[in-house]
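With the working numbering applied, the sequence shown corresponds to residues 2 to 255, in that order. Idealized CB from N, CA, C, for every residue including glycine. This report refers to the structure that appears directly beneath it.
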Amino acid sequence: PKVENKRKSFFFKKMDITERERPFTIIVEGNIGCGKSTLIKLFSQNPEIDILPEPLEKWCNLEGHNLLQMMYEDPCRHSMTLQSYIQLTMAQNHCKNASSSKTKVKIMERSIFSAQNIFVENLWKNKKLADSEYEVLCAWYKFLTTSESVDLKVDLIVYLRVAPEVAWERVKKRARSEEDTVSLEYLTELHELHEKWLMSSDLKLSGPIMVVDVNKSFEELPVIHREIKKKIYESMEQAGVNLMKNDKNCCWIC
Ligand code: TTP
Ligand code: MG
Numbered sequence: 002p003k004v005e006n007k008r009k010s011f012f013f014k015k016m017d018i019t020e021r022e023r024p025f026t027i028i029v030e031g032n033i034g035c036g037k038s039t040l041i042k043l044f045s046q047n048p049e050i051d052i053l054p055e056p057l058e059k060w061c062n063l064e065g066h067n068l069l070q071m072m073y074e075d076p077c078r079h080s081m082t083l084q085s086y087i088q089l090t091m092a093q094n095h096c097k098n099a100s101s102s103k104t105k106v107k108i109m110e111r112s113i114f115s116a117q118n119i120f121v122e123n124l125w126k127n128k129k130l131a132d133s134e135y136e137v138l139c140a141w142y143k144f145l146t147t148s149e150s151v152d153l154k155v156d157l158i159v160y161l162r163v164a165p166e167v168a169w170e171r172v173k174k175r176a177r178s179e180e181d182t183v184s185l186e187y188l189t190e191l192h193e194l195h196e197k198w199l200m201s202s203d204l205k206l207s208g209p210i211m212v213v214d215v216n217k218s219f220e221e222l223p224v225i226h227r228e229i230k231k232k233i234y235e236s237m238e239q240a241g242v243n244l245m246k247n248d249k250n251c252c253w254i255c
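Printed below as a string of structure tokens:
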């Protein structure tokens with residue numbers, strides 16, 4: 002009888018998941034150092050919003066292996082390992098269930114889409130990924146993005162658009178140890194891929210896009226971030242997301 006009970010609860014758990022509505026899903030995109038993490042944190046006090054920062058700690062410590070550092074030290078040897086793990090952790094974030102019944106919105110830092118369209122593409126173009134490795138990553142990407150059992154739908158893309166020179170200054174300032182070798186040239190390549198992916202007219206994206214200029218001085222950024230936050234709340238409202246009425250009077254809005 003014990004086994005039967007377990008089976009029963011598993012069955013009901015599965016039913017709950019499939020019946021639950023997907024929260025309004027936002028992905029925040031933009032070059033390394035453009036300010037994605039800082040922007041996302043501004044929503045952390047709102048109980049109706051789940052924020053999912055990039056799983057960077059996982060990439061820097063998989064059972065003691067710092068995959069990000071390994072990739073920067075020897076990209077030809079380790080890019081495949083890193084990108085394959087990034088694809089997995091991004092898919093996990095896309096599929097993550099709402100943290101509570103209150104959750105109406107989910108905001109993610111980056112997505113499986115930018116991992117593929119920006120980083121995998123760039124590594125392959127620069128011959129850091131072999132054709133065979135690239136094809137394996139593409140095959141997984143195609144499977145994950147077309148499978149009916151994996152929900153990767155996005156309702157809004159926020160593109161924090163920044164000149165590579167500005168991003169480079171910020172990357173140098175924050176001095177993440179793994180990113181010692183990040184050059185202006187690398188950031189320029191990534192910038193061009195962001196532009197091609199998010200700004201080209203033949204865009205095949207699943208959701209609307211909000212483009213924001215974040216070429217501002219460090220001092221101006223908090224003001225700009227508050228403005229972006231306001232715009233994001235407005236977009237939610239326009240899309241019919243009903244946040245608690247008293248939200249508007251709370252300090253976490255502006
Ligand atoms: P970003 O994803 O750009 O995140 P960030 O925290 O640097 O950006 P922000 O300051 O706007 O918050 O990059 C994190 C690191 O991971 C960076 O060194 C690039 C690397 N990376 C890859 O190498 N491949 C990938 O597919 C992704 C998504 C990141
Ligand atoms: Mg970040």
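Item: Whether Val213 touches Arg171 by CB criterion (8 Å); Value: no
Item: Whole-angstrom C-beta distance between Leu53 and Cys61, which should lie under 8 Å; Value: Not quite, the Cβ-Cβ distance comes to about 17 Å (not below 8 Å), so this is no contact.
Item: Contact check, Glu113 vs Leu145, beta carbons under 8 Å; Value: Before going on, a small fix: residue 113 reads as Ile here, not Glu. Taking 8 Å as the Cβ cut-off, Ile113 and Leu145 qualify as a contacting pair.
Item: Proximal residues to Thr26 (C-beta, below 6 Å), its chain only, five neighbours per side dropped; Value: Lys107, Val155 and Asp156
Item: Rounded separation between Leu63 and Met72 - CA only; Value: 13 Å
Item: For Glu149 and Thr19, the rounded distance between their alpha carbons; Value: Only weak support exists for where Thr19 lies, its pLDDT of 42 falling under 50; the value from the coordinates is given anyway. Approximately 12 Å, taken between the alpha carbons.
Item: Cutoff 8 Å; reference Ala1; Cβ partners in own chain excluding five residues on either side; Value: Nothing in the structure corresponds to residue 1, since the chain is present only between 2 and 255.
Item: Cα-Cα separation between Glu74 and Met211, rounded to whole angstroms; Value: 35 Å
Item: Neighbour-count burial assignment, Pro165, 16 or more Cβ in a 10 Å radius; Value: buried
Item: Sufficient close CB pairs (3 or more, under 8 Å) joining the segment 124-131 to the segment 176-183; Value: no
Item: Bounding residues of the beta strand (DSSP E) (the contiguous stretch that carries Leu161); Value: Leu157 to Arg162
Item: Backbone secondary structure at Met200 - three-state DSSP; Value: helix
Item: Rounded C-alpha distance that separates Met81 from Glu134; Value: 6 Å
Item: Where Ile52 sits in the DSSP three-state scheme; Value: strand
Item: Sub-8 Å separation of Ile225 and Glu30 beta-carbons; Value: no
Item: The ligand FAD heavy atom lying under 7 Å from the CB of Glu30; Value: Among the ligands modelled here, namely the ligand TTP and the ligand MG, the ligand FAD does not occur.
Item: Cutoff 8 Å; reference Ala240; Cβ partners in own chain excluding five residues on either side; Value: Phe25, Asp156 and Leu157
Item: Cβ neighbours of Ser100 in the same chain (closer than 8 Å, five flanking residues each side left out); Value: Asp51
Item: Integer Cβ distance of Glu110 from Ser38, believed to fall under 8 Å; Value: 6 Å
Item: Proximity of Asn94 and Pro56 at Cβ, strictly below 8 Å; Value: yes
Item: Residue(s) in a DSSP beta bridge with Leu63; Value: His66
Item: Residues of its chain near Glu22, where Cβ-Cβ distance is below 6 Å and the 5 sequence neighbours each way are ignored; Value: none
Item: Between the CA atoms of Cys139 and Met147 - distance to the nearest angstrom; Value: Correcting the residue type first, residue 147 is Thr in the shown sequence and not Met. In a straight line, the C-alpha of Thr147 is about 12 Å away from that of Cys139.
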